[in-house]
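Enquirer: Have a look at this one.
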Amino acid sequence: MQGSPAWLYDEFRGFALDFHDPHQVEHYEARQGTDLEAETQLVRSLGISKKDTLIEYGAGTCAFVEAAAKICRQVHAVDVSLAMIEFARQRLRKLGLTNVAFHHAGFLTYEHRDEHASSVITKFALHHLPDFWKVVALVRINRRCICPHVLAITFYGRRCAGELRKRNATPLRLLPC
Ligand SMILES: C[S@@+](CC[C@H](N)C(=O)[O-])C[C@H]1O[C@@H](n2cnc3c(N)ncnc32)[C@H](O)[C@@H]1O
């Protein structure tokens, strides 16, 4: 992590699956079985509209980002894996979605330079950080990085939005203090 202090947890290393390997990313995407309808429902459940800017941390292959980009003004897809970013970039380019900015960064290193985001989401990514650094990540998102109206963190099963529907649940929402 060039330019980062030595004490900072290196979030670019150390997850179980090798998300830096393009073949693993393809396998991951195939296994996931993208459900765009479910992702769109998740976007809508957050109350996001045309005027909104949204950030997804750990965006992966960007199924949620794709759904969100069709609805809101601007999406920032943040991920520590260049292979994930490259896969997603090509996919969204083919769809002609031009309102997505990709950032090779993570919870602990992303610096937000666009207008304040109205929503921040992360799903199936925060668990990659050790517990102490999860707290740092949440504080950072809330206090230093941006001012989210809604921070939706989902820890549900693989098909996130589908699970939410089944359980009649809503994502955890943390409001700014
Ligand atoms: C299991 S995938 C989830 C992808 C997507 N959010 C989804 O729901 O399909 C986890 C993603 O988190 C990313 N990731 C891991 N640690 C991260 C960190 N510290 N900051 C941002 N992204 C991270 C990985 O590169 C991977 O793309």
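Everything in the sequence shown is counted per our numbering, starting at 203 for the first residue and increasing by one.
Using N, Cα and C, we set each Cβ at its ideal position, and we do this for glycine too.
The model shown is predicted, which means the values in this text are computed figures rather than measured ones.
1. Let me confirm a value: residue 325 is counted as buried when at least 16 other C-beta atoms fall within 10 Å, else exposed. Which label applies?
2. Which residue wins for smallest C-alpha separation from residue 246, given the options 290, 266, 293 and 305?
3. Is the Cβ-Cβ distance between residue 308 and residue 282 less than 8 Å?
4. Does the beta-carbon of residue 212, which I'm using as the reference point, lie nearer than 7 Å to any heavy atom of ligand 1?
5. Quick check on the burial criterion: 16 or more other C-beta atoms within 10 angstroms. Buried or exposed for residue 334?
6. Could you please give me the residues that DSSP links to residue 276 through a beta bridge?
Expert: Well, looking at it:
1. It counts as buried.
2. 266
3. Yes, Cβ-Cβ distance for residue 308 and residue 282 is below 8 Å.
4. no
5. When all chains shown are included, residue 334 counts as exposed.
6. 255
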